[in-house]
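Asks: Quick note on the numbering used here: the sequence shown kicks off at 561 and runs consecutively.
Don't be surprised by glycine CBs; every beta carbon is placed ideally from N, CA and C.
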Amino acid sequence: MEAVEGVVIVGGGIAGLATALGLHRLGIRSLVLESAESLRTTGYFIGTWPNAWKAIDALGGIGQILRAKHTQLTSIMTASLTSGDITADMPVNPTESEGDLYVVNRKTLLETLENELPKGTIKYSSKVVQIQDSDGFKSLHLADGTILKAKVLIGCDGVNSIVAKYLGLSEASSAGRPVVRSFVEFKNGHGLEPKLMLFFGKGVKFGVIPCDDHFIYWFYSFRLPQDKEIVEDRLKLKQHIMNTLGKVPDKIRSLIEETDAKNLEYAPIRFRHPWNLLWGNISKQNVCVAGDAFHPMTPDLAQGGCLALEDSIVLARVLAAALRGEPREDEQQRIQKGLENYSKERRWRSIDLVWSAYISGSIHIWDGAVLNFIRDRVLAKFLAGLFLKKAAFDCGKLT
Ligand SMILES: Cc1cc2nc3c(=O)[nH]c(=O)nc-3n(C[C@H](O)[C@H](O)[C@H](O)COP(=O)(O)OP(=O)(O)OC[C@H]3O[C@@H](n4cnc5c(N)ncnc54)[C@H](O)[C@@H]3O)c2cc1C
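Now the structure itself:
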């Protein structure tokens, strides 16, 4: 006998947990199926922009918890890796709500979301391996042989989403420029200003961000090296970063030296082509996608997770309205209509961000005298301002 569920969310990452919490706040129960045995917290930290804080605050209560554990960033500084010069230093006004810019510990974010959910909402070690139609429901086959029937299926299962595949969305493409992420802990404080520091040039983008008084998060994006051994051996990878990093202050360079090579996390970067988002199905009948399952993007504007949070609010809002409506017989139609409204509301926002992130990331790693000049002297303020421009978005409240 197959168990019948109402709303089933595949994937317990940022998108899945935030959607479940949004629904919970609106009185709708959901079940989150997560393939891992516990919360998956890869990536260490996540840039969290004003648009994400609007979504977090819409979820009620957790904003204060998260803000209290992290440091508010007060400016975005960019510098050239070829000349060493600072090319832009843009203040982010912390006294205005538009200025909410933090780098949040992913584990803390996921745990905070999980703590707000009723016990039993997340079912770990539950990998969905097949999806089938079944009299208006969706039958979900799990790797352990369990079969569940879902009235509504939401794919929050990341870049390799099985739900996106079911909807006919194409596989994400490689951006050809991987990222290495890591962090350094300073037990007695790091003494760096609370700035988002970005260094561009020589085919490289290097970011350094204080998360709180003790932790510095850094990432390094570069063109895929010919020598594959470099990415397979963490010590060689660290050495490669040291060798290819251009001009940065000694204090910044020492961050890489002090990083434990075993904490280097290498991630190939993939994104969904905007035309696939334009023409593809974001929803179909009672199925839809959110987060990276919907719009995987290059991390150049640090917006993937922020956009996932926006998705969650919009989705919870339309779905709760559809599920609460009367009469009961029309529920399937209301769900379909609600998910269509969600996809209408989110399509252009996601196309804009996927595209803007890809283009700005390509410019960040331009190399050559002329291109360096254009990026560092002509476009520097525009590029720094683009982060805040794209983050100036309000997904609205849950109701
Ligand atoms: C290098 C890098 C830096 C980034 N920096 C930032 C940043 O600074 N700011 C920002 O906002 N974003 C950033 N992002 C993007 C951000 O990490 C993602 O957009 C975000 O994590 C997406 O969350 P998600 O919940 O959609 O997907 P995921 O976090 O991928 O979660 C998907 C979950 O689904 C589970 N799952 C997958 N398949 C199945 C299945 N078949 N059955 C059950 N469960 C399944 C997985 O185990 C996983 O837990 C960055 C990304 C990268 C790669």
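So, is W613 buried or exposed, given that buried needs 16 or more other C-beta atoms within 10 angstroms?
Replies: buried
Asks: Within 8 Å, do at least three Cβ pairs link the stretch 949-959 to the stretch 580-593?
Replies: As far as the Cβ criterion goes, the stretch 580-593 touches the stretch 949-959, which means the pair count is three or higher.
Asks: So, do the stretch 841-851 and the stretch 916-933 have three or more beta carbon pairs nearer to each other than 8 Å?
Replies: no
Asks: Which residues bound the alpha helix (DSSP H) around L713?
Replies: Note, L713: premise wrong, no alpha helix (DSSP H); beta strand (DSSP E) at I707 to G715.
Asks: Let's test the definition: count the other Cβ atoms within 10 Å of the Cβ of G705 and tell me whether it reaches 16, buried, or not, exposed.
Replies: exposed
Asks: Within the present structure, is the beta-carbon of K807 separated from the nearest heavy atom of ligand 2 by less than 7 Å?
Replies: Because ligand 2 does not appear in the structure shown, any question about it cannot be addressed here, the ligands present being ligand 1.
Asks: Give the list of continuous beta strand (DSSP E) stretches no shorter than 3 residues that lie fully inside the stretch 737-809.
Replies: Scanning the stretch 737-809 from its first residue to its last, the whole beta strand (DSSP E) runs of 3-plus residues come out as 739-745, 755-761, 764-770 and 775-782.
Asks: Roughly how far, in whole angstroms, is the beta-carbon of A850 from the beta-carbon of I714, given that I think they are within contact range, below 8 Å?
Replies: 6 Å
Asks: With which residues is K683 paired in a DSSP beta bridge?
Replies: L593
Asks: According to DSSP, is S730 helix, strand or coil?
Replies: coil
Asks: Leaving out five residues before and five after A821 in sequence, what residues of the same chain have Cβ atoms less than 8 Å from its Cβ?
Replies: R794, L795, L797 and K798
Asks: In this structure, what does DSSP give as the bridge partners for E565?
Replies: A710
Asks: What are the complete beta strand (DSSP E) segments, minimum 3 residues, inside the stretch 820-848?
Replies: 825-827
Asks: Along the beta strand (DSSP E) that carries H701, what are the first and last residues, could you check?
Replies: F697 to L702 is the extent of the beta strand (DSSP E) around H701.
Asks: Under the criterion of a Cβ to heavy atom distance below 7 Å, does F775 qualify as lining ligand 1?
Replies: no
Asks: When you compare only the Cα positions, how much space is there between A735 and M857?
Replies: 9 Å
Asks: The alpha helix (DSSP H) spanning N901 covers which residue range?
Replies: Unbroken alpha helix (DSSP H) run through N901: E891 to H924.
Asks: Flag this pair as touching only if the stretch 877-896 and the stretch 748-764 have three or more C-beta atom pairs under 8 Å; answer yes or no.
Replies: The stretch 877-896, when compared against the stretch 748-764, does not touch it at the 8 Å Cβ threshold.
Asks: So which of I801, L700, F775 and Y902 has the shortest CA-CA distance to L784?
Replies: I801
Asks: Helix, strand or coil for G975 per DSSP?
Replies: Because the chain here runs from 561 to 959, residue 975 falls outside it and cannot be looked at.
Asks: Given 7 Å as the limit, tell me if G859 has its C-beta closer than that to any heavy atom belonging to ligand 1.
Replies: Correcting the residue type first, residue 859 is Pro in the shown sequence and not Gly. It does: the Cβ of P859 is within 7 Å (strictly closer) of some heavy atom of ligand 1.
Asks: Would you please state the rounded distance, in angstroms, between the beta carbons of I776 and L815? I believe it to be under 8 Å.
Replies: Their Cβ separation, rounded to whole angstroms, is 6 Å, which keeps I776 and L815 in contact under 8 Å.
Asks: Start and end of the alpha helix (DSSP H) containing N665?
Replies: Premise fails: N665 lies in the beta strand (DSSP E), Y662 to N665, not in any alpha helix (DSSP H).
Asks: Three-state secondary structure (DSSP) at G607?
Replies: strand
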